[in-house]
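Reading the sequence shown from the start, the letters are residues 13 to 286 in our numbering.
Glycine included, C-beta positions come from ideal geometry on N, C-alpha and C.
Notes follow once the structure below has been shown.
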Amino acid sequence: MKGYVMRSATKCCCLFVVMLTFALTACVNAEQEENMSIGQKFHHETSFGDKGYKGKDIGWGGQVPLYKKYESASKVKLPTPDFEGLSVEEAVRKRRSERHFADKAMSLKQLAQVLLSAGGITYSSNGWDFRAAPSGGALYPIGIYVIALNVDTLADGLYHFQVSDNSLELIKEGNFGRQIHKAANEQEAVGTSPVTLILTARFDRSTVKYGDRGYRYIYIEVGAICENIYLEATSLGLGTVAVGAFNDDALNGLLEIDGANEAALLVMPLGIPR
């Protein structure tokens, strides 16, 4: 009987130690999470473990159309590009960030070629459209807006690149150089080039399938498109630079997007280097 009592006490003691260890570990983990920065929390919460997402409040987006369309906008059909520029290897070797642009117009054909290489449709088969940049789940959340200030045969204004038919949809006409310059914290490179490209994300397109982890894939995709723009610009003798410092509210307001369902991620002035 005495041995039985001792064994029972030992078991209880071991169970208590295990429970205490779990409790202390949970407290430590909770304290670590509490001290995490926003970026660290995002990475932690959207991480997968053995039991799925580590985050408790993973959000899932709603279904949205694959193509955003401005139905009432006037359209400018983009010309068919030529592909006779530099090799990939040479473009990679010559790629630089350019912040100073000559006061010279770009051609509509140059703009068309950059847009197609950025994220346009490069091949279609059996009802599927394949684009220039990879996209998680082929959901294509990245949109491209164009501020044209000095493009031959194209009126100054704010346009949306309509991927589905390779056209520009005119959102509003006018010179928006001052507004984009101010929104980009008055950086010299922005607002002085003949074209400024603005890359946005429609987050629901990715989060409907991947939850909040879709944000990770969105940032990967915008990076791929950014590099495509760099390389095509280099091939055409143009210059560009990736600009991430801007006033989000001002830029989203200029584009007439809400900054929540769709938001600006990157600004890329484009033109002939000075």
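For the 9 Å CB-CB criterion, I154 and I269 do not form a contact.
The beta carbons of K81 and R214 sit no closer together than 9 Å.
Per the Cβ contact rule, the stretch 61-77 is in contact with the stretch 210-224 (3 or more Cβ pairs under 8 Å). The alpha carbon of R190 has as its nearest neighbour, out of I133, D168, I183, G271, the alpha carbon of D168. Under the three-state reduction of DSSP output, F95 falls in the coil class, being neither helix nor strand. If you compare the alpha carbons of V279, N264, L278 with that of A272, the shortest gap goes to N264. Within the stretch 135-182, the runs of beta strand (DSSP E) that reach at least 3 residues and sit entirely inside it are, in chain order, 140-143, 154-160, 169-174. The closest CA to that of G148, considering only Y231, S176, A117, is found on Y231.
The residue among G223, Y135, N47 with its C-alpha nearest the C-alpha of I70 is G223.
Collapsing the DSSP output to three states places V126 in a helix. If you look at E268, you'll find it isn't in any alpha helix (DSSP H); DSSP assigns it neither H nor E. A straight-line Cα-Cα distance of about 17 Å links A160 and A276. For E233, the uninterrupted alpha helix (DSSP H) segment begins and ends at 226-247. Cβ contact annotation for E110 (same chain, cutoff 7 Å, sequence separation greater than five): G251, T252, V253, P285, in chain order. Under DSSP, P285 shares a beta bridge with F113. Bounds of any beta strand (DSSP E) do not take in I70, whose DSSP letter is neither H nor E.
In the three-state scheme derived from DSSP, where H, G and I count as helix and E and B as strand, K89 is classed as strand. Its Cα nearest to that of I241, the residue Q125 stands out among Q125, K87, S86, L90.
Rounded to the nearest whole angstrom, the C-alpha separation of K89 and H172 is 12 Å. Rounded to whole angstroms, the separation of the alpha carbons of R225 and K63 is 15 Å. For E83, the secondary structure class from DSSP, reduced to helix, strand or coil, is coil. It is roughly 9 Å from the alpha-carbon of A257 to the alpha-carbon of Q199. Taking C-beta separations shorter than 7 Å and ignoring five residues to either side along the sequence, the partners of G186 in its chain run D168, G169, following chain order. Looking at the backbone, the Cα of E96 and that of F188 are separated by about 33 Å. A direct Cα-to-Cα measurement between E83 and L209 gives close to 21 Å. Around A144, the same chain offers L128, S129, A130, G131, G132, T134, N240 as residues with beta carbons nearer than 7 Å, after the five sequence neighbours per side are excluded.
Considered as a whole, the stretch 193-230 harbours 207-214 as its complete beta strand (DSSP E) runs of no fewer than 3 residues, in chain order.
For F188, there is no enclosing alpha helix (DSSP H), as DSSP marks it with neither H nor E.
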